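Asks:
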Amino acid sequence: MPATGSSCGRSVKYMWLLIAPIKLSCDYSFDSIPAVISTSDPRVALAALSYCLLFALALYLGRQGQWQALFAVAWGGALFVPAAGLLFDVGTVIGERLLFLPSAAFCLLCALGAARLTRTTANSVIIALVLSYSVRSVIRNATWADSLTLWQATAEEQPRNAKALFNLGVTLRNQQGDGSELQPMVMDLYSRALAIKPDYDNVYMERAKMYLRHGMETQARADLEQAASISDHPDAHFHLGLLKMQRGKDRCAEAERHFLIAIAREPYDHRAHTNMGICRHWHHHLQEAHGWLTKALSITPAAEAAVPADALANVLRDSGLPVEAAKLHDLATAIQPQSFAFQYNRALSLFEAEEFSEAAAAFKLAATLDPAQATLCHERATFAKQFEASK
Numbered sequence: 001m002p003a004t005g006s007s008c009g010r011s012v013k014y015m016w017l018l019i020a021p022i023k024l025s026c027d028y029s030f031d032s033i034p035a036v037i038s039t040s041d042p043r044v045a046l047a048a049l050s051y052c053l054l055f056a057l058a059l060y061l062g063r064q065g066q067w068q069a070l071f072a073v074a075w076g077g078a079l080f081v082p083a084a085g086l087l088f089d090v091g092t093v094i095g096e097r098l099l100f101l102p103s104a105a106f107c108l109l110c111a112l113g114a115a116r117l118t119r120t121t122a123n124s125v126i127i128a129l130v131l132s133y134s135v136r137s138v139i140r141n142a143t144w145a146d147s148l149t150l151w152q153a154t155a156e157e158q159p160r161n162a163k164a165l166f167n168l169g170v171t172l173r174n175q176q177g178d179g180s181e182l183q184p185m186v187m188d189l190y191s192r193a194l195a196i197k198p199d200y201d202n203v204y205m206e207r208a209k210m211y212l213r214h215g216m217e218t219q220a221r222a223d224l225e226q227a228a229s230i231s232d233h234p235d236a237h238f239h240l241g242l243l244k245m246q247r248g249k250d251r252c253a254e255a256e257r258h259f260l261i262a263i264a265r266e267p268y269d270h271r272a273h274t275n276m277g278i279c280r281h282w283h284h285h286l287q288e289a290h291g292w293l294t295k296a297l298s299i300t301p302a303a304e305a306a307v308p309a310d311a312l313a314n315v316l317r318d319s320g321l322p323v324e325a326a327k328l329h330d331l332a333t334a335i336q337p338q339s340f341a342f343q344y345n346r347a348l349s350l351f352e353a354e355e356f357s358e359a360a361a362a363f364k365l366a367a368t369l370d371p372a373q374a375t376l377c378h379e380r381a382t383f384a385k386q387f388e389a390s391k
């Protein structure tokens, strides 16, 4: 990318960071540095003047035969110009890390300048610089104590940084928990981030999750659709698919469309594979359901394998393989022993496998997990005992 207004803004910021690194930030993205959109912006003139002075200094040093200083200026300039994005796109708005090498040349130039001072003056300047920069480093290091401190500081330093506002909101939500009500501060941070960057898909996604946790389906769907339209966000499509499934089996075709997009965008999304299998099972496509759920189980972390294991077990039971189904139900209930659905499904598979005694015990266990279903479970347990007695 050739020199642009953005490069002028970068140049001025980088030069100021070299001279006086007082205000630092871990991130400068999403409107932290306002774009230069007009040649009347003072940063254009300031950047041009700075480069002219740098060039003039190089000419002066060359004529004076001060080759060490000239080397420092040339070295620093050669490294600074690419960092500022004058020649090509550097892939970041501002990155303090890009000043590591240019700062070495700057330090060399400062050292050469200090050598021309009297010993007392030079020592005083060096001591003042070391002390001031040390204090700044200690203060800055405290900012990195934890995520909350870091993003609070970044949001204060860069109030127009949408990423900082978003990350601060996520951190606050994680630390405070979901609670019984929406967190006004978190929602305000998300709204401020969207005001700065209206196409920030992750903000829509996280806000939608908050709405879902509080039963606000209409608002959640609107944000999910927005996130999906911006970038085909896989998580947005996954949750849209879930919402379709919750409306009933007749909405499975729409749900599957969203799950397929999520899988295309994120091939190892085990949740989307699992729900594709469940949808296929609901419509009695047992072979397809088996394929999706087998894949889901193979890519699901062991600690999260209960849902795909239970779903695949249900497919096996309906395919006339209750013994194999019961083994998978054992896996699901071992991971989530307090799940009524998993214990009840295990009992059904044991019954069909003609393990009536175990089935009766499983139905009784399920009865303790959901009082509303206790009567049904006890009836089935009694029925299983009768079959066991008649064997």
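Under full-length UniProt numbering, the first residue of the sequence shown is numbered 1, with each subsequent residue one higher. Ideal Cβ placement from N, Cα and C applies to all residues, glycine included. Just so we're clear, the structure is a prediction, and the values are computed from it rather than from any experiment.
1. When the distance is taken between beta carbons, is residue 213 closer than 9 Å to residue 240?
2. Determine the burial state of residue 322: buried for a count of at least 16 other Cβ atoms within 10 Å of its Cβ, exposed for fewer.
3. Could you check what DSSP says for residue 262 in three-state terms: helix, strand or coil?
4. Out of 299, 78, 339 and 315, which one is the CA nearest neighbour of residue 282?
5. Residue 165 and residue 189 - do their beta-carbons sit closer together than 9 Å?
6. Apart from the five residues just before and just after residue 236, which ones in its own chain have a Cβ nearer than 6 Å to its Cβ?
7. Judging by CA-CA distance, which residue of 369, 100, 358 and 135 is the nearest neighbour of residue 337?
8. Taking all protein chains shown into account, do 16 or more other C-beta atoms lie within 10 angstroms of the C-beta of residue 276, making it buried, or fewer, making it exposed?
9. Leaving out five residues before and five after residue 350 in sequence, what residues of the same chain have Cβ atoms less than 6 Å from its Cβ?
10. Please state the DSSP three-state secondary structure of residue 270.
11. With burial defined as no fewer than 16 other Cβ atoms inside 10 Å of the residue's Cβ, what is the status of residue 273: buried or exposed?
12. Measuring only the C-alpha atoms, how far is residue 49 from residue 55?
13. Rounded to whole angstroms, what's the CA-CA distance from residue 253 to residue 287? Just pull it up for me.
14. Starting from the C-beta of residue 429, find all residues in its chain whose C-beta is less than 7 Å away, skip the five residues before and the five after it, and write them out in chain order.
15. Which of helix, strand or coil does DSSP assign to residue 385?
16. If I measure Cβ to Cβ from residue 109 and keep anything under 8 Å in the same chain, skipping five residues before and after, which residues do I get?
17. Going by alpha carbons, who is nearest to residue 278 out of 268, 312, 185 and 121?
18. Taking a contact to mean a Cβ-Cβ separation below 9 Å, would you say residue 354 touches residue 387 in this structure?
19. So what's residue 75 in DSSP terms, helix, strand or just coil?
20. My guess is that residue 310 and residue 340 are in contact by the Cβ rule of under 8 Å, so how many angstroms apart are they, rounded?
21. With a threshold of 6 Å on Cβ separation, who are the neighbours of residue 262 within its own chain once the five nearest residues in sequence on each side are excluded?
22. Let me know if residue 88 comes out buried or exposed under the rule of 16 or more other beta-carbons within 10 Å of its beta-carbon.
23. What span of residues does the alpha helix (DSSP H) with residue 136 cover, start to end?
24. With a 10 Å radius around its C-beta and 16 neighbouring C-beta atoms as the bar for buried, classify residue 60 as buried or exposed.
25. How big is the Cα-Cα spacing for residue 217 and residue 129?
26. Compare the Cα-Cα distances from residue 265 to each of 251, 231 and 290 and report the closest residue.
27. CB residue 285 to CB residue 319, shorter than 9 Å?
28. Under three-state DSSP, which class holds residue 290?
29. Rounding to the nearest angstrom, what Cα-Cα distance links residue 211 and residue 219 in this structure?
30. Using the beta-carbon count (16 or more within 10 Å), is residue 91 buried or exposed?
31. Thinking C-alpha only, which one of 159, 176, 169 and 172 is nearest residue 196?
32. Would residue 378 and residue 389 be called neighbours here (beta carbons separated by less than 9 Å)?
33. Is the separation between the beta-carbon of residue 144 and that of residue 171 shorter than 9 Å?
34. How should residue 256 be labelled, buried or exposed, when 16 other C-beta atoms within 10 angstroms of its C-beta is the threshold for buried?
Replies: Judging by the given coordinates:
1. no
2. buried
3. helix
4. 315
5. yes
6. 205, 224, 227 and 228
7. 369
8. buried
9. 326, 358, 359 and 362
10. helix
11. buried
12. 10 Å
13. 17 Å
14. Because the chain in this structure spans residues 1 to 391, residue 429 falls outside the shown range and cannot be described.
15. helix
16. 69, 72, 73 and 76
17. 312
18. yes
19. helix
20. The Cβ separation is near 12 Å, so there is no contact.
21. 234, 237, 238, 269 and 272
22. Model confidence at residue 88 stands at a pLDDT of 49, short of 50, so the residue's coordinates are unreliable and nothing is read from them.
23. 119-143
24. exposed
25. 57 Å
26. 231
27. no
28. helix
29. 7 Å
30. Note that residue 91 scores 49 on pLDDT, short of 50, meaning its location in the model is unreliable; the coordinates nonetheless yield the value given after this. Flag for residue 91 reads exposed.
31. 159
32. no
33. no
34. buried
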